[in-house]
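Asker: I'd like to ask some things about the structure below.
2 protein chains.
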Amino acid sequence: MAGYYALPLELLAEEFARLPGIGIKTAHRLAYSVISRSDAEVQSFVDALLSAKRDIHFCSCCQNLTELEVCPICSDEERDQTTICVVESPKDVSALERSGEYHGVYHVLHGLISPIDGVTPENLHIRELLSRISKGSIQEVIMATNPTVEGDATAMYLAQLLEPLGVKVTRLAFGLPVGGTLEYADEVTLYKALENRTILH
Amino acid sequence: MAGYYALPLELLAEEFARLPGIGIKTAHRLAYSVISRSDAEVQSFVDALLSAKRDIHFCSCCQNLTELEVCPICSDEERDQTTICVVESPKDVSALERSGEYHGVYHVLHGLISPIDGVTPENLHIRELLSRISKGSIQEVIMATNPTVEGDATAMYLAQLLEPLGVKVTRLAFGLPVGGTLEYADEVTLYKALENRTILH
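Line by line, the protein sequences are chains A and B. Going by our numbering, the first sequence runs without a break in its numbering and finishes at 201. Going by our numbering, the second sequence runs without a break in its numbering and finishes at 1201.
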């Protein structure tokens, strides 16, 4: 497309196109929208970019992303600090928090074991989890990794690893999604829903 | 969503969400992707934003966006400098250039007359167009505004304005889009296609 657009606009569009899910057409639209904004608005965007990159790091306890030394969830004394929910990414923390049903704390692995992608247990924040549990106050660890091959494998690996530590290890329930239909459920989900059926009376 | 995410991440997501067509979920995904990039990559994004805002201005001749005093199309002596194609926005220049069929120059209005939105002829770059034509070397002005109410109104307004200057004024043809089907063409397009039918033999 070079030549039809001004070079700085083209370069900005290329930067937008590097973001996930942004195609070159959308990138051009976004680049146009930037130059039609005020200097102050663009500066505020730039400041937010630099600040997010500079100020965000891992919580020293749960490894979630935070701008503080210890994240607000870990330092919240109202929460049950004896239950750890192990998740793949900060997005999962956000999803579970939205449910409003969980009052314990988290541990973010920042990935799942996946030999195909070259991700081994050493690449995940497992050492920090073991160190938290070894301090002795943890009673239950909930494996809340995704119900995928990698999520299951990671949950199983961690369950084995935690066995000698004498801590209760649980896994999120599998079954039909609420609001879903039998017709569109896949075979494995149906199998899990049957296997884990609950008693009504 | 505040509280589940680190504040700088939340602020960055809000900035992304201000861009056109970016919802809050996508904005969070983009914000996450930024912090997983290297410092150099984020700096390069920031530089592109600042440079686009700082270096881009209107071509002193055609009013298209450019980082130069006169844009490459206006300063290209190979192009027919006696034919001006009048468009709404820089994106239209880009679209026409992609067709590869136009070898004249452009004039970008940066909007269309739209009293409902408070856009009057004074808000558009019409004075610069008149000044270019009054220099005497222009032979044809092609109205290439969109086939919408505003596009038609602007084309008609300009045609009237240019009449006393003795310059040929044309309008892009309306008809069926190539590759389209009669079945899905709207009534007005079909009417225009019939009205402007061409003789085969």
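Note that CB positions come from ideal geometry on N, CA and C, so glycine has one too. Owing to the predicted nature of the structure, the values given are computational and were not obtained by experimental measurement.
1. For a minimum of 3 consecutive residues, which ranges assigned as the beta strand (DSSP E) are wholly contained in the region 81 to 130 of chain A?
2. How should A1006 (chain B) be labelled, buried or exposed, when 16 other C-beta atoms within 10 angstroms of its C-beta is the threshold for buried?
3. Report yes if the C-beta distance between Q63 (chain A) and V108 (chain A) is below 7 Å; otherwise report no.
4. Please report the residue range of the beta strand (DSSP E) in which E15 (chain A) lies.
5. Could you spell out where the beta strand (DSSP E) holding T189 (chain A) opens and where it closes?
6. Taking C-beta pairs closer than 8 Å, name the residues in chain B that S44 (chain A) reaches, listed in chain order.
7. How big is the Cα-Cα spacing for D1055 (chain B) and D1186 (chain B)?
8. Between B:E1183, B:S1044 and B:C1071, which lies nearest to H1057 (chain B) when the distance is taken from Cα to Cα?
9. Can you give me the Cβ contacts of A155 (chain A) inside the same chain, cut-off strictly under 6 Å, excluding the 5 residues immediately before and after it?
10. Does the distance from the C-beta atom of V105 (chain A) to that of R127 (chain A) stay below 7 Å?
11. Between I35 (chain A) and chain B, is the shortest Cβ-Cβ distance under 7 Å, so that the two count as touching?
12. Mind listing the chain A neighbours of Y1005 (chain B)? Cutoff is C-beta to C-beta under 7 Å, in chain order.
13. Pick helix, strand or coil for K168 (chain A), following the three-state DSSP scheme.
14. Quickly, what does DSSP pair E183 (chain A) with across the bridge? List them, please.
15. Can you give the beta carbon distance from V34 (chain A) to V42 (chain A), rounded, assuming they're within the 8 Å contact cut?
16. Examine chain B for any beta-carbon lying closer than 7 Å to the beta-carbon of E163 (chain A), and answer yes or no.
17. 7 Å is my cut-off, CB to CB: does Y1145 (chain B) come that close to chain A?
18. What does M1143 (chain B) pair with, by DSSP beta-bridge criteria?
19. If you compare alpha carbons, which of A:L30, A:L19, A:I24 and A:G23 is closest to R1037 (chain B)?
Answerer: According to the structure data:
1. If we require 3 residues or more, the beta strand (DSSP E) runs fully inside the region 81 to 130 of chain A come out as 104 to 108.
2. If you number the second sequence from 1, residue 1006 (chain B) lands on position 6. By the neighbour-count rule (16 or more Cβ atoms within 10 Å), A1006 (chain B) is buried.
3. Taking the first residue of the first sequence as position 1, residue 63 (chain A) is located at position 63. Taking the first residue of the first sequence as position 1, residue 108 (chain A) is located at position 108. For Q63 (chain A) and V108 (chain A), yes; Cβs fall inside 7 Å.
4. Working through the first sequence from its first residue, we reach residue 15 (chain A) at position 15. For E15 (chain A), there is no enclosing beta strand (DSSP E); the enclosing alpha helix (DSSP H) has its first and last residue at L7 to A17.
5. On the first sequence, residue 189 (chain A) is found 189 positions in, with the first residue counted as 1. That residue, T189 (chain A), is in no beta strand (DSSP E); its alpha helix (DSSP H) goes E187 to E195.
6. What you label residue 44 (chain A) is simply residue 44 of the first sequence in a count that begins at 1. The answer, in chain order, is E1015.
7. As a first step, residue 1055 (chain B) must be located in the second sequence, where it is residue number 55. As a first step, residue 1186 (chain B) must be located in the second sequence, where it is residue number 186. Roughly 42 Å separates the two Cα atoms.
8. Within the second sequence, residue 1057 (chain B) is the residue found at index 57, counting from 1. It is B:C1071 whose Cα lies nearest to the Cα of H1057 (chain B).
9. To locate residue 155 (chain A), count along the first sequence from 1; it is residue 155. Around A155 (chain A): M143, T145 and R171.
10. Locating residue 105 (chain A) in the first sequence gives position 105, counting from the first residue. Locating residue 127 (chain A) in the first sequence gives position 127, counting from the first residue. One thing to note: V105 (chain A) has its Cβ no nearer than 7 Å to the Cβ of R127 (chain A).
11. What you label residue 35 (chain A) is simply residue 35 of the first sequence in a count that begins at 1. Yes, contact with chain B.
12. The residue you call residue 1005 (chain B) lines up with position 5 of the second sequence. Chain-order list of chain A residues neighbouring Y1005 (chain B): S94, by C-beta distance under 7 Å.
13. As a working note, residue 168 (chain A) is residue 168 in the first sequence. Three-state result, K168 (chain A): strand.
14. Counted from its first residue, the first sequence places residue 183 (chain A) at position 183. None; E183 (chain A) has no bridge partner.
15. Within the first sequence, numbered from 1, the residue matching residue 34 (chain A) stands at position 34. Within the first sequence, numbered from 1, the residue matching residue 42 (chain A) stands at position 42. Rounded to the nearest angstrom, the Cβ distance from V34 (chain A) to V42 (chain A) is 6 Å, consistent with a contact under 8 Å.
16. One-based indexing of the first sequence puts residue 163 (chain A) at position 163. No, E163 (chain A) lies away from the interface with chain B (no Cβ there is under 7 Å from its Cβ).
17. The residue labelled residue 1145 (chain B) in the question sits at position 145 within the second sequence. Tyr is not the amino acid found at residue 1145 (chain B); the sequence shown has Thr there. No, its Cβ sits nowhere closer than 7 Å to a Cβ of chain A.
18. Position 143 of the second sequence holds residue 1143 (chain B). M1143 (chain B) pairs with B:V1086 and B:R1171.
19. Counted from its first residue, the second sequence places residue 1037 (chain B) at position 37. Shortest Cα-Cα distance from R1037 (chain B) to any of A:L30, A:L19, A:I24 and A:G23 involves A:L19.
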